[in-house]
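A short worksheet on the structure shown next.
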Amino acid sequence: MKPAPFSHIRPHTAAAVSAGLSGESAKIIAGGQSLGPMLNLRLARPAQLVGLAALPGQAEISEEGGALVVGAGVTHARIEDGDSPVELPAMMRHVARGIAYRAVRNRGTLGGSLAHADPAADWVTTMTALDATLRLQGASGARATPMRGFMQGAYRTALAPGEFITAVEIAAPLRAPLWGYHKICRKVGEFADAIGAVVIEPASGYARIVAGATGAAPLLLPELAADLARSATVPAPARITEALAAALPGADRVKLHQLTTSLARAIDKVIAQ
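Sequential numbering of the sequence shown, starting at 128, is according to this note's numbering.
This is the structure we're talking about:
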């Protein structure tokens with residue numbers, strides 16, 4: 128397997144990145160753990176790859192103005208290992224530990240995963256549950272967008288042409304919430320068939336339940352989250368399935384059962400804390 132010919136540049140400024148993306152059939156490469164196989168299989172045939180490794184700030188982690196700021200180039204392995212000057216949510220370390228294999232985690236990046244927008248990827252569900260905000264940069268300047276509207280479908284995002292993710296912001300109070308996360312995979316290292324993510328922060332009243340690996344963007348279930356925050360009891364499986372079926376009218380019984388199971392187990396973990 129060999130990719131089609133392409134050129135590769137490594138800009139040192141955001142303006143140069145945007146300029147590199149202005150040509151036809153240009154793609155960003157970060158860790159390359161998703162794009163690399165697509166290139167080898169010739170599912171993607173960009174004329175130019177724009178690498179972000181030389182861009183300043185992509186691998187930094189900091190706390191600014193009440194928010195944790197994680198650079199888009201931070202690898203899954205760094206999050207897993209807690210290699211950070213500021214404390215990150217324990218949920219993030221747990222999620223990172225379960226992504227694929229260590230070799231993938233050593234190279235794959237947080238921003239790359241979010242921009243790739245695979246419905247079964249862990250970070251798109253996790254960052255939706257943590258109500259993250261994405262910092263974007265493009266030729267027209269910088270902007271921020273909430274994660275809950277960033278993924279618009281399978282492999283589709285709100286990134287405009289020439290834009291890229293520079294960092295992810297998470298509200299500092301969500302550094303240590305009550306949380307639960309459970310995914311169903313056929314075997315270790317594979318993408319999930321279903322993901323359940325729950326985050327509760329009692330002091331602020333924050334409550335979010337998210338179903339991931341639905342085939343599209345992560346699914347928010349606000350009524351279930353409000354019920355859980357109010358009663359602190361696990362909703363009946365039939366109640367979870369009912370909420371999922373209403374939001375996913377085309378889902379078959381197997382998919383609904385998998386999603387119900389993953390959500391129920393994630394909620395169980397919250398209740399147990």
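Backbone N, C-alpha and C define an ideal beta-carbon position, used for all residues, glycine too.
Item checked: Straight-line Cα distance separating Ala180 from Val222 -> Counted from its first residue, the sequence shown places residue 222 at position 95. Counted from its first residue, the sequence shown places residue 180 at position 53. Straight-line Cα distance between these residues: approximately 23 angstroms.
Out of curiosity, what's the CA-to-CA distance linking Phe291 and Ser152? As a working note, residue 291 is residue 164 in the sequence shown. As a working note, residue 152 is residue 25 in the sequence shown. Cα to Cα, Phe291 sits roughly 15 angstroms from Ser152.
So for Gly339, helix, strand or coil by DSSP?
Mapped onto the sequence shown, residue 339 falls at position 212. Three-state result, Gly339: strand.
Reduced DSSP secondary structure (H/G/I, E/B, other) of Ile226:
As a first step, residue 226 must be located in the sequence shown, where it is residue number 99. Reduced to three states, the DSSP call for Ile226 is coil.
Member of Pro212, Ile226, Ala194 whose CA lies at the smallest distance from the CA of Ala204 = Working through the sequence shown from its first residue, we reach residue 204 at position 77. With distances taken between Cα atoms, Ala204 lies closest to Ile226.
So for Gln279, helix, strand or coil by DSSP?
In the sequence shown, the residue the question calls residue 279 occupies position 152. Strand, per DSSP.
*Straight-line CA distance for Ala142 to Gly342?*
For the purposes of this step, residue 142 is identified with residue 15 of the sequence shown, where counting begins at 1. For the purposes of this step, residue 342 is identified with residue 215 of the sequence shown, where counting begins at 1. Rounded to whole angstroms, Ala142 to Gly342 spans 34 angstroms at the Cα level.
Identify the continuous beta strand (DSSP E) that holds Thr253 and give its terminal residues.
Residue numbering aside, residue 253 sits at position 126 when the sequence shown is read from its first letter. Looking at the DSSP string, Thr253 is not in any beta strand (DSSP E); the run it does join, the alpha helix (DSSP H), is 249-256.
key: Glu369 (DSSP reduced to helix, strand or coil)   = What you label residue 369 is simply residue 242 of the sequence shown in a count that begins at 1. It is helical.
Measure how close the beta-carbons of Ala244 and Thr202 come, nearest whole angstrom, since I'm counting them as under 8 angstroms. Position 117 of the sequence shown, counted from the start, is the residue given in the question as residue 244. Position 75 of the sequence shown, counted from the start, is the residue given in the question as residue 202. Actually they are not in contact, since the Cβ atoms of Ala244 and Thr202 sit about 18 angstroms apart, beyond 8 angstroms.
Check your understanding: Sorted by chain position, which residues of the same chain lie with C-beta nearer than 7 angstroms to Leu390's C-beta, five sequence neighbours on each side aside?
Key -> In the sequence shown, residue 390 corresponds to position 263, counting from 1. Contacts found: Gly323, Ile336, Ala338, Ile367.
Task: Thr360 in three-state terms, based on DSSP - done: Start at 1 with the first residue of the sequence shown, and residue 360 comes out as number 233. DSSP places Thr360 in coil when its eight states are reduced to three.
How should Asp249 be labelled, buried or exposed, when 16 other C-beta atoms within 10 angstroms of its C-beta is the threshold for buried? Reading the sequence shown from its first residue, position 122 is the one you call residue 249. Buried is the call here.
Practice problem: Take the Cβ of Leu170 as the centre, count every other Cβ of all protein chains shown within 10 Å, and call the residue buried at 16 or more, exposed below. | Solution: Residue numbering aside, residue 170 sits at position 43 when the sequence shown is read from its first letter. With fewer than 16 Cβ atoms within 10 Å of its Cβ, Leu170 is classed as exposed.
Between the alpha carbons of His139 and Pro345, how many angstroms are there, rounded?
As a working mapping, residue 139 is identified with position 12 in the sequence shown. As a working mapping, residue 345 is identified with position 218 in the sequence shown. The straight-line gap from Cα to Cα measures roughly 33 angstroms.
Do the CB positions of Ser145 and Gly265 come within less than 7 angstroms of each other?
As a first step, residue 145 is located in the sequence shown; it is residue number 18 there, counting from the start. As a first step, residue 265 is located in the sequence shown; it is residue number 138 there, counting from the start. Yes, they are a contact pair.
- Query: Roughly how many angstroms separate the alpha carbons of Val177 and Leu162, rounded to a whole number?
  - Reply: Within the sequence shown, numbered from 1, the residue matching residue 177 stands at position 50. Within the sequence shown, numbered from 1, the residue matching residue 162 stands at position 35. C-alpha separation (whole angstroms): 12 angstroms.
Q | Exposed unless 16 or more other CB atoms sit within 10 angstroms - verdict on Gln400 | A | Taking the sequence shown and counting its residues from 1, the one referred to as residue 400 is at position 273. When all chains shown are included, Gln400 counts as exposed.
Problem set entry | Boundaries (first-last residue) of the beta strand (DSSP E) holding Thr272 | Stepping through the sequence shown from its first residue, residue 272 is reached at position 145. Unbroken beta strand (DSSP E) run through Thr272: 268-273.
Practice prompt. Go to His203, then tell me how far its alpha helix (DSSP H) extends in each direction, as first and last residue.
Written response: In the sequence shown, residue 203 corresponds to position 76, counting from 1. Looking at the DSSP string, the run of the alpha helix (DSSP H) that includes His203 is 203-208.
| said: Quick check on Ala141: does DSSP put it in helix, strand or coil? | reply: Within the sequence shown, numbered from 1, the residue matching residue 141 stands at position 14. Three-state result, Ala141: helix.
| field | Spatially closest choice to Leu241 from Thr260, Arg229, Gly268, by CA coordinates | value | Along the sequence shown, one-based indexing puts residue 241 at 114. For Leu241, the nearest C-alpha among the options comes from Thr260.
Review point. Which word fits Pro349, buried or exposed, when buried means at least 16 other C-beta atoms lie within 10 angstroms of its C-beta?
Key: Walking along the sequence shown from the start, residue 349 turns up at place 222. Exposed is the call here.
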